[in-house]
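At the far end of the sequence shown sits residue 336, using my numbering, and the numbering has no gaps. For reference, the structure is listed below as structure tokens.
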Amino acid sequence: MKFIIAGGTGHIGSTLSQDLLAKGHDVTVLSRGAKHIAAEKDVNAKGIVRQVNWDGVNQGPWFSEFHDADVVINLAGRTVDCRYTKENLRQMMDSRVDSTRIIGKAIEIAELKSGRAPAVWLQMSTATIYSHRFDQPNDEATGIIGGTEPDVPRYWDYSIQIARNWEDEMAKANTPSTRRVALRTAMVMGKNPDSVFGVLSKMTRLGLGGPIGGGKQYVSWIHEVDFLRALDFILVREDISGAINICAPEPLPQKLFMQELRKAWGVPIGLPATAWMAEIGAFVLRTDTELLLKSRRVVPGRLLNLGFEFKFPNWRQAAEDLVKSIQN
């Protein structure tokens, strides 16, 4: 099949592209800088990822790529690993909403001009859409979307609004022949040094992998192998549409999460950090403490109910596997 991946040059996009190439699919990445990337030799010696220029906002020659596409996957959006200034928050919102809107238009025009539209549109979303909570896990049926909690900074609400607008823009698209799925994705843990796992592992090996702000906040995650398997599962299940949580079934408090990661790396000590210490560290690293302090207790209700089986359902097993793959 022909896959189009928008915003496919980051960790998740690159991992997904290589996986699709290995399965014999054609992959076109929409990128702000067009170039060809050779596939890993041990994956597919002949395969390449085609890159096509786009700006994520306006119609252009890239629209023609959709005329014979089977699947569209939109990963586009400014990184959230930044200081949450007004300008950065605006860019985070606009890059997600604008790219979703123009992809919807590209699918609509593809059907008008070629008589066929991509069968499936997978739209990246985020587990951050759910409420900051400790008491109960958030699944798709009973989870609390957003909400104003008295004990968290008010600007955290904006991240939830970004997620709402992101999904709403997809819902408004005029693409009746295309099955649409919003992927409410937790942190994808992979062996790439630039992945979240790579950053957390570096901190752990430096002795900084202790609890942050008490460590009670829940961490939702998914091994990259299960992320890819979940997307395969969704693609073949024509009865899946709407929002679906892409995460492992066992989120755990950050204190235990880091404890298991230290064990996997064989690091006995992890210095703790208070909330104010985390604020200082986030300022130095030009990131934001919401990524560390928000409790994301999210579970994959729909995936489990539909019979999806995780290869890495628990964090200890996943962390050990990722560490082993890095060391080898």
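Note that CB positions come from ideal geometry on N, CA and C, so glycine has one too.
Between Asp165 and Gly154, the C-beta spacing is below 8 Å. Around Asp78, the same chain offers Met9, Lys10, Phe11, Pro126, Ala127, Val128 as residues with beta carbons nearer than 8 Å, after the five sequence neighbours per side are excluded. Taken in chain order, the complete alpha helix (DSSP H) segments of 4 or more residues contained in the region 223–271 are 232–244. Taking the Cα of Asp240 as reference, the smallest distance to any Cα among Val189, Gly217, Ala84, Gly206 is reached at Val189. The beta strand (DSSP E) runs of length 3 or more contained entirely in the region 114–146 are, from start to end of the chain, 128–134. The Cβ-Cβ distance between Glu148 and Ala238 does not fall below 8 Å.
Judged by DSSP secondary structure, Asp34 falls within the beta strand (DSSP E) whose first and last residues are 34–39. Judged by pairs of C-beta atoms under 8 Å, the region 252–267 touches the region 212–226, as three or more such pairs exist. Secondary structure of Lys10 (DSSP, three-state): strand. Judged by DSSP in its simplified three-state form, Leu314 adopts coil rather than helix or strand.
Ranked by how close their Cα comes to the Cα of Lys332, the residues Arg304, Thr93, Arg305, Trp273 have Trp273 in first place. Non-local beta-carbon contacts of Ser303 in its own chain, meaning distances under 8 Å to residues more than five positions away in sequence, involve His140, Arg141, Phe142, Lys224, Gln225, Tyr226 in chain order. The three-state secondary structure of Thr193, taken from DSSP, is strand. Residue pairing by DSSP puts Gln59 in a beta bridge opposite Val37.
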